[in-house]
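When the letters of the sequence shown are read in order and numbered with the working numbering, they come out as residues 3 to 489. Ideal Cβ placement from N, Cα and C applies to all residues, glycine included. Working notes for the structure below.
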Amino acid sequence: MTGVRATAAAASTAPMEGALSRLKEIVGPAGILEEPEEMEPFRVGFGGAFRGEAALVLRPASTAQVAQVVATCAQARIPMVPQGGNTGLAGGAQPDDSGRAVIIALDRMRRVRAVDGANDTLTVEAGVTLAEVQQAAQAVDRLFPLSLASEGSCRIGGNLATNAGGTQVLRYGTMRALTLGIEAVLPDGRVFDALRGLRKDTAGYDMKQVFIGSEGTLGIITAAVLRLFPRPRVVETAMAGIADAAAAIRLLGLARARLGEGLSAFELMRAPSLDFAVAAVPGLSSPFAGRHAWYLLIEASGQAEGDGLRQALDGMLEAGLEEGLVEDAVVAASGEQRRRLWGLREAQAEAQKHAGRGVKHDISVPVSAIPDFIARADTALQRAFPGILPFAFGHVGDGNLHYNPIVPRDWSEATRAARQGEINRIVHDVVAALGGSISAEHGLGQLRVAEAEHYKSAVELDLMWALKSALDPHGLMNPGKVLRAQP
């Protein structure tokens, strides 16, 4: 009986082994990682929170190779996990523990295919880093405005797959707004080529939007046509101390009225967020003599040289002081002072580590509902877990907050993990009541799949499953992300 089972097992693995051999041939020796120590950085997510097993890591160097890889995997029913810079926070780029999947890393697809200064577009492959995209735009005196803390290592394919946002969504929008065309390999290996640099196109469905934000579950984005913008000649940056979130929303209205489209960033930080940033990162300091309950980092930019923008920013802050919205304010007088102010915002990840164990939430609500969200979430958490420390910062100009309460110091990591679901439910219930989203810019990945099922309507889930089933009927493309893995 044992011999029969062994023979059957060998027969069942033969197609898999044959497919793996074919995959190796497609990408060549330079595109294969199969030793455990080589694959480890690809199997483990950023921060180590997610880890999976893989049969191979494949690093195709062209769209044609990606298409051949996907077609081979589809025929052999091998699950595929696309990966960019592996900087995501929701486990969207890690396989499961079965070891059957292959990771398809796009880090070798690094070409800038075209630059069109007259059309203000840049066509790049998915493996180009965000910093390299920014540099390519600067080389033609243009701006690509997406800005993230991980821009030196995150890749544009991952930015597209998660519909990345960042600090300038207020003015320029998310990746959906920054993308005119894409190229993607479908789950059966066919190539969808829509690399069109058009701003107006009403010829049917806008299919590129299906892939942007899909986290690799509907296909693998291999290239994109990105929008470029005039490079700002003048940038003015200020920080204001304010009493509460309601003042921030009122000041945002004042800033929009005074600065118009020049307003490019409006970042909110709670006092503990700034305090812990100063404590955690050497060289950082508060620009204020006194302490305020909340802080706003405000930036405006434009093309017109001179002091007009500075005067408009000063006038807005003076009006805020007169109306009681601003308690104190500083305006950067140099590039170094500007970098110091932004340093406080960019140090928030380190600040959280310094503060203690936390539970992270990447939520969005209507901008007008931000004060209500904070008040209701704070109250509900304090009632349920006395001693929990509110810790919040984010892009208040577009309604996205990173609401990451720090649990009591006497909680062990096991306690934090055990109570995380309760904390999530309290926070996300408030988000849902205010018409918000439980994921604003980090994606669902595998982290928030169950939460999305809980909060999305049956109709919305049916539509998502219909799309997934139509494009990926065998559930091979990044299974278990966005939607549950098919049994």
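Residue i classed as buried or exposed, judged by whether at least 16 other C-beta atoms fall within 10 angstroms
{"i": "residue 344", "result": "buried"}
{"i": "residue 202", "result": "exposed"}
{"i": "residue 209", "result": "exposed"}
{"i": "residue 405", "result": "buried"}
{"i": "residue 485", "result": "buried"}
{"i": "residue 355", "result": "exposed"}
{"i": "residue 462", "result": "exposed"}
{"i": "residue 313", "result": "exposed"}
{"i": "residue 465", "result": "exposed"}
{"i": "residue 338", "result": "exposed"}
{"i": "residue 474", "result": "buried"}
{"i": "residue 450", "result": "buried"}
{"i": "residue 189", "result": "buried"}
Distance CB(residue i)-CB(residue j) smaller than 7 Å
{"i": "residue 81", "j": "residue 481", "result": "yes"}
{"i": "residue 127", "j": "residue 110", "result": "no"}
{"i": "residue 296", "j": "residue 214", "result": "no"}
{"i": "residue 60", "j": "residue 36", "result": "no"}
{"i": "residue 294", "j": "residue 329", "result": "yes"}
{"i": "residue 54", "j": "residue 98", "result": "yes"}
{"i": "residue 298", "j": "residue 270", "result": "yes"}
{"i": "residue 440", "j": "residue 403", "result": "no"}
{"i": "residue 73", "j": "residue 175", "result": "no"}
{"i": "residue 240", "j": "residue 349", "result": "no"}
{"i": "residue 51", "j": "residue 85", "result": "no"}
{"i": "residue 265", "j": "residue 302", "result": "yes"}
{"i": "residue 379", "j": "residue 278", "result": "no"}
{"i": "residue 131", "j": "residue 157", "result": "yes"}
{"i": "residue 238", "j": "residue 311", "result": "yes"}
{"i": "residue 446", "j": "residue 435", "result": "no"}
{"i": "residue 23", "j": "residue 89", "result": "no"}
{"i": "residue 483", "j": "residue 94", "result": "yes"}
Selection from the options that minimises the alpha carbon distance to residue i
{"i": "residue 224", "options": "487, 160, 260 and 440", "result": "160"}
{"i": "residue 199", "options": "163, 217, 173 and 226", "result": "226"}
{"i": "residue 77", "options": "433, 476, 486 and 329", "result": "476"}
{"i": "residue 247", "options": "311, 153, 395 and 137", "result": "395"}
{"i": "residue 386", "options": "358, 401 and 429", "result": "429"}
{"i": "residue 242", "options": "234, 255, 289 and 235", "result": "289"}
{"i": "residue 469", "options": "156, 220, 154 and 40", "result": "220"}
{"i": "residue 336", "options": "377, 236, 197 and 327", "result": "236"}
{"i": "residue 142", "options": "232, 383 and 352", "result": "232"}
{"i": "residue 204", "options": "324, 195, 103 and 182", "result": "182"}
{"i": "residue 217", "options": "444, 459, 454 and 452", "result": "444"}
{"i": "residue 388", "options": "65, 479, 407 and 353", "result": "407"}
{"i": "residue 173", "options": "188, 148 and 154", "result": "148"}
{"i": "residue 411", "options": "360, 188 and 152", "result": "360"}
{"i": "residue 368", "options": "292, 342, 334 and 251", "result": "251"}
Identified DSSP bridge partners for residue i
{"i": "residue 76", "result": "Answer by DSSP bridge pairing: none, since residue 76 is not bridged."}
{"i": "residue 360", "result": "408"}
{"i": "residue 125", "result": "116 and 227"}
{"i": "residue 449", "result": "None; residue 449 has no bridge partner."}
{"i": "residue 145", "result": "231"}
{"i": "residue 84", "result": "106"}
Below-7 Å beta-carbon distance, residue i vs any chain B residue
{"i": "residue 193", "result": "The structure shown contains no chain B; it holds only a single protein chain."}
Taking the runs of the beta strand (DSSP E) that are 3 residues or longer, which of them lie wholly in the segment 281–323?
296–304
Q) What are the uninterrupted segments assigned as beta strand (DSSP E) that are 3 or more residues long and contained completely in the segment 374–447, given in chain order? A) 394–397 and 402–405
Notebook entry, point to check: What are the complete beta strand (DSSP E) segments, minimum 3 residues, inside the segment 454–481?
Noted result: none
Where are the beta strand (DSSP E) runs, 3 residues long or more, that stay fully inside the segment 6–66, in chain order?
58–60
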